[in-house]
Structure formats: C-alpha cells, structure tokens
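Numbering (our numbering), first residue to last: 360 to 716. Each residue gets a CB set at the ideal place from its N, CA and C atoms; glycine is no exception. All remarks here apply to the structure that follows.
Right, here's the structure in full:
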C-alpha cells in the first residue's frame, strides 16, 4: 500500500502579528491531515514569534524556526531545507486558504504530476473580494496536462498557489535567490523545465490579501525593478547552465526573459523606455540569447528605438495599445492562458462621443 502523500507547507513570517492567526487557523482547518507546517520567523520585532510558538504548542505538525532578519528568500530557503514532504508549497503569513485546498490538490496527484496549481482570489484586509483586472491570477487550464513552455508563459508564477514535487527541488538543489525580489520568478523557471505533467484546479483555494506595506505593494522605481528582474534572470541562467540544461535552447528561459521585460515595461515612463530596452538588450547579448533567437519577437522588439516604440505602442497591464502618436487605433487585450481580445479604440472613441451628444 502506498503511503499517504505528505505536504510540507512553508510559512515565512516577518511582522505579521495582525494576520498570522488567520493564516495558521486556515492551515489547521484543512480537511487533509498529512501536513507538516514549517514556520520561519525572519527577525520579527512584533509578537509574531510568540504567536507561532503558541500554535506549535497546540499542534505537533507546526515546527517553528527563528533567524536573524535576512529577507523572505532566506526564510523560504530555511523552510525548504527543513521540509520532508512529498510535495512542498508555501503560504504567506498574511494570506489564508480554503479548508479543502490540500485535499483537492492531493486528489489530482499521480506518479507523473509534478505541479498542482489552484485558483486565487484577491481580497482586502477585511476579506472582501477584489477584482483581478488583468486576469493574471485566473486559472485558464483545467485537468491534468503535459507541460509546455507556452503553458509556463501563460501561468502566474506565484509559488504559494501550487504544490511542487519536492524530490525535483532536492535533486537539482533549487534554492531561492537571496537579496533579490521576484524570487517566485526564479524558482518557477528553475522548476518548469523538469515538470512532466501539471494539474489545474479551477476552484478558489488561495486568498491573496492586498495590504499596504507588503513587499509586492511597495513602490519601486522602474529601472531599479528592472535590475532586480535581470538579477533573477542571471540566477536562473547560471542554475540551468550548472545543471547542463542549456538555457538558450530550452525556451523556458526565453519565456522568462520576454515576460520580465514586459512586466517592467508596462509601468515604465516613456522617457525611461530606451534605457530599459538597452538593459535587457545587453543581457540578451551577454547570455547569448540574442544570437540564439535573433528572429524571435521578444528579442527583435529590443531593437526598436524608444521614441518609435512609444509613438506606436503603449503597454498598460495586459493591454497593448497600437497608436499613431496621440491617436489610439486598436488594442490587444491579453488574458493569461485565454484568447487575446481585440478592441478597436478609434471606432470605440467615436461611438462613445456620439453617445454622449
């Protein structure tokens, strides 16, 4: 008889005393019992560590580690290195999950499934649902599917909305990049080439709390953010090179490169676009990506002069608008995993003006 699938839930914690009980209660309420809950306090100065210790005293599945403040990636690495489950996942200490989450996820697991991904709901700090305006967090696939680079390009990279087969991470010594934000991009694209099949659950399982003061909601300058993404790209490039898995020809690295550039460019002021393209172009040349894929649109777009690019193209969130100077012509709306939608802005604006007359 096969042993039950065990899940290691890693919870990095830093000064989240207000939200931590809700997070931990959602784990203890899981209908699937075979869990180990590894909490790492990253130098909290509030009551977070005391809360963790109180919960650990009540439930033996909870293990608590404390470290001097070193950042979320260091906390995730500590938790990962102490995990022993068949699959590993993460839960941020200001978020929470539905009680059926891991039961539904384990029901999808077969010998070939290396990833299980489930639905996300954005909520405010009072638990009220918020819209996912660009469809990034939506699950557009269903069931168990062979995994491809195109699928990776359309998924969200959130580490906490997935179960990951731990043996893959151990075998290839996968660790989060310390000192960099966007650590989820790094681990996602390090792991993706080794995935055989992925299972998708459309039900809402993870509740992602939107609050001021969290890392993902801190304001960052565009160029500084680009440098963080470039650091993550180098980290993944070096990882796959050491693994003997050529990052120039596995197409996952090309997907990551194009996605990183798009994510930064969509918020980039027009006067910084030339500098931004130059940074990514230098990276493409440095790694050999430009020489390996000279005809790919993600590489060729870097050669467009910044002024030309801003004159004809404007990107906002998941919308790419084609224009003639100040005159918008049409938009392509990209929904993650879904069909692109076209909106004819010029005709739409005329109709809206006629309606208002």
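Contacting residues, own chain, Cβ-Cβ under 8 angstroms from residue i (five flanking each side not counted)
i           : result
residue 426 : 399, 400, 401, 402, 433, 434 and 437
residue 569 : 481, 482, 483, 484, 489 and 576
residue 505 : 555 and 556
residue 415 : 398, 421, 422 and 423
residue 705 : 686, 687, 688 and 689
residue 407 : 372, 373, 374, 375, 376, 379, 400 and 452
residue 622 : 588
Beta strand (DSSP E) segment containing residue i, residue limits
i           : result
residue 558 : 556-568
residue 372 : 366-372
residue 519 : That residue, residue 519, is in no beta strand (DSSP E); it is neither H nor E in DSSP.
residue 448 : 446-449
Residue burial classification, residue i (beta-carbon count within 10 angstroms, cutoff 16)
i           : result
residue 363 : exposed
residue 584 : buried
residue 637 : exposed
residue 419 : exposed
residue 624 : buried
residue 536 : buried
residue 649 : buried
residue 630 : exposed
residue 409 : exposed
residue 597 : exposed
residue 646 : buried
Residues near residue i by beta carbon distance below 6 angstroms, same chain, minus five either side
i           : result
residue 702 : 690
residue 620 : 639
residue 574 : With a pLDDT of 48 at residue 574, under the threshold of 50, the modelled position of this residue cannot be trusted; read the value that follows with caution. So no residue of the chain qualifies.
residue 599 : 606
residue 428 : 401 and 402
Residues bridged to residue i [DSSP beta-bridge criterion]
i           : result
residue 422 : 397
residue 682 : 687
residue 481 : 567
residue 702 : 690
residue 527 : In DSSP, residue 527 forms no bridge with anything.
residue 455 : 566
residue 617 : Answer by DSSP bridge pairing: none, since residue 617 is not bridged.
residue 502 : 559
residue 475 : 522 and 558
residue 628 : None, per the DSSP bridge assignment.
residue 672 : 681
residue 488 : 482
Contact set for residue i: own chain, Cβ-Cβ below 7 angstroms, skip 5 residues either direction
i           : result
residue 523 : 446, 447, 448, 474 and 550
residue 452 : 370, 371, 372, 375, 378, 379 and 382
residue 360 : With a pLDDT of only 38 at residue 360, under 50, the local geometry of the prediction cannot be trusted, and the value read off the model is given with reservation. So the list is empty, once near-sequence residues are dropped.
residue 627 : 581 and 635
residue 444 : 365, 366, 367, 395 and 525
Rounded distance between the beta-carbons of residue j and residue i, thought under 8 angstroms
i           : j           : result
residue 518 : residue 543 : 5 angstroms
residue 456 : residue 564 : 6 angstroms
residue 531 : residue 553 : 7 angstroms
residue 461 : residue 567 : So it is not a contact: roughly 17 angstroms between Cβ atoms.
residue 495 : residue 512 : Wrong, their Cβ atoms sit about 12 angstroms apart, outside the cutoff.
residue 700 : residue 692 : 4 angstroms
residue 608 : residue 651 : 7 angstroms
residue 534 : residue 450 : At roughly 19 angstroms, the Cβ-Cβ gap does not stay under 8 angstroms, so residue 534 and residue 450 are not in contact.
Span of the alpha helix (DSSP H), counted from its first residue to its last, around residue i
i           : result
residue 591 : 581-601
residue 513 : 508-513
residue 432 : 431-441
residue 460 : 460-466
residue 550 : 542-550
residue 412 : 407-417
residue 735 : Summary: the structure shown does not reach residue 735, with the chain confined to residues 360 through 716, and so no result is reported for it.
Cutoff 7 angstroms: residue i Cβ touching any chain D Cβ
i           : result
residue 385 : In the structure shown, chain D cannot be found, because there is only a single protein chain.
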